[in-house]
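Residue numbers (the working numbering): 136 to 209. Cβ atoms here follow ideal geometry from the backbone N, Cα and C, with glycine treated the same way. A quick write-up on the structure given underneath.
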């Protein structure tokens with residue numbers, strides 16, 4: 136089974152904090168997955184990942200390994 140994914144980025148505000156959090160929405164054929172990125176812990180990795188998202192690098196890619204209730208790899 137192949138699971139197609141597309142990534143979109145949204146910014147949400149936390150009611151308890153003044154900083155913005157970056158949330159990536161992974162759209163799949165089986166539903167959406169929201170992932171919050173920790174920019175304060177990994178600013179270079181987050182910036183790099185978001186540049187790939189902006190370039191639509193991940194659009195139309197598949198998850199090639201799925202372990203139920205554990206992880207997905209694409």
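At the level of alpha carbons, what is the spacing between residue 164 and residue 198?
Going from the Cα of residue 164 to the Cα of residue 198 covers about 11 Å.
Quick check: what's the CA-CA separation for residue 178 versus residue 185?
Using only the alpha carbons, I get a separation of about 11 Å.
Between 180, 202, 205 and 194, which lies nearest to residue 160 when the distance is taken from Cα to Cα?
Ranking 180, 202, 205 and 194 by Cα distance to residue 160 puts 194 first.
Throw me the rounded Cβ distance for the residue 174 and residue 181 pair, which I believe falls under 8 Å.
About 5 Å separates the two Cβ atoms, so the contact holds.
Which class does residue 165 belong to by DSSP, given the choice of helix, strand or coil?
In the structure shown, residue 165 sits in coil (DSSP, three-state: anything other than H, G, I, E or B).
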